[in-house]
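So that you can map any letter, position 11 of the sequence shown is 10 in numbering that gives the first Met the number 0, and since no number is skipped, the others follow by simple counting.
Below is one structure, written out as structure tokens; the observations come after it.
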Amino acid sequence: MDQRLAQLVEELTTSGEPRLEPGRMKELKKICKSSEEHVSHAYHLLMTRLNEEHAEVRFSAFQVVQELFTRSHQFRTLIVSDFQDFLELTVGINHEQPLPPPREVAQKLRRAAVKSVQEWHEKYGEAYKKLALGYHFLKQNKKVDFQDVHARTVAERRREEEKQKRLDNIYKEKAKRAEKEME
């Protein structure tokens with residue numbers, strides 16, 4: 000059963016499809032429902048997939064996490080027990096470790112993760128202290144605007160601003176050089 004669980008997680012997270020394959024997902028949920036050991040094993044497999052340096056794999060793994068989070072108290076407890084790591088791997092709260100490429104998928108992952116954290120907080124925040132703390136950490140410390148569709152962190156906004164400044168300086172230099180050449 001553990002082998003089948005590992006195979007399902009592998010197949011679900013490497014398909015490259017934007018949506019999870021319903022048949023495999025149903026089988027995974029059925030296996031997890033059969034025992035807490037399987038829930039724990041699925042959690043560890045998914046956290047391993049979330050550590051992959053590829054945003055599409057992380058996004059697929061996140062979608063599986065979303066499904067299991069809403070269905071299993073034990074799974075919620077496991078995710079919340081390691082909530083900071085989970086946030087670093089899905090929201091990209093660590094300035095030193097931005098989300099991996101491709102960029103579009105990384106942004107989609109961030110938006111989906113922020114939206115889920117907000118929904119989880121509203122639904123389960125009272126019962127899971129670390130979930131409430133994680134939500135408030137994102138809101139207060141990382142200045143994640145839960146109303147902002149792009150849900151960018153301060154670090155990400157700073158990187159964007161620095162990149163824009165560098166581009167502006169490059170354009171100014173090119174304009175000066177072109178001006179001098181015309182004289």
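Don't be surprised by glycine CBs; every beta carbon is placed ideally from N, CA and C.
Note that the structure is predicted; figures quoted are calculated from it, not measured.
Identify, in the order they occur along the chain, each residue of the same chain with its Cβ nearer than 7 Å to the Cβ of residue i, setting aside the five sequence neighbours on each side.
i: Ala54; result: Leu98, Pro99, Pro100, Pro101, Val104, Ala105, Leu108
i: Ala5; result: Leu44
i: Glu184; result: Since the first residue of the chain shown is 0 and the last is 182, residue 184 is not available in this structure.
i: Glu95; result: none
i: Cys31; result: His37, Val38, Ala41, Leu67, Ser71
i: Glu9; result: none
Could you check if residue i is buried or exposed, using at least 16 other CB atoms within 10 Å of its CB as the buried criterion?
i: Ser71; result: buried
i: Ala174; result: exposed
i: Tyr170; result: exposed
i: Met77; result: Correcting the residue type first, residue 77 is Leu in the shown sequence and not Met. So Leu77 ends up on the buried side.
i: Ser59; result: buried
Cα separation between residue i and residue j?
i: Arg157; j: Gln146; result: 19 Å
i: Leu86; j: Leu137; result: 9 Å
i: Asp1; j: Lys162; result: 46 Å
i: Asn11; j: Lys179; result: Correcting the residue type first, residue 11 is Leu in the shown sequence and not Asn. Going from the Cα of Leu11 to the Cα of Lys179 covers about 58 Å.
i: Val64; j: Glu172; result: 48 Å
i: Gln62; j: Glu160; result: 31 Å
i: Val148; j: Met181; result: Because Val148 sits at a pLDDT of 46, beneath the cut-off of 50, its placement in the model cannot be relied upon, and the following sentence gives the value as read from the coordinates. Whole-angstrom Cα-Cα distance: 46 Å.
i: Gly47; j: Glu121; result: For the sequence presented, residue 47 should be read as Thr rather than Gly. The straight-line gap from Cα to Cα measures roughly 27 Å.
i: Glu16; j: Arg23; result: 13 Å
i: Val38; j: Leu166; result: 48 Å
i: Leu19; j: Asn168; result: 44 Å
i: Arg176; j: Leu88; result: 44 Å
i: Ala112; j: Gly91; result: 10 Å
i: Leu49; j: Thr13; result: 12 Å
i: Val116; j: Lys164; result: 32 Å
i: Arg3; j: Lys25; result: 13 Å
i: Asp144; j: Arg75; result: 24 Å
i: Lys29; j: Asp84; result: 27 Å
i: Pro21; j: Asn140; result: 37 Å
For my contact list, residue i and residue j are in at a C-beta cut-off of 8 Å; report their separation, rounded to the angstrom.
i: Val79; j: Tyr127; result: 5 Å
i: Phe82; j: Trp119; result: Actually they are not in contact, since the Cβ atoms of Phe82 and Trp119 sit about 10 Å apart, beyond 8 Å.
Between which residues of its own chain and residue i is the CB-CB distance below 6 Å, once the five residues before and five after are set aside?
i: Leu27; result: Leu7
i: Asn93; result: Glu87
i: Lys114; result: none
What residues in its chain sit with their C-beta under 8 Å from that of residue i, if we drop five residues either side in the sequence?
i: Glu35; result: Gln73
i: Gly124; result: Leu130, Ala131, Tyr134
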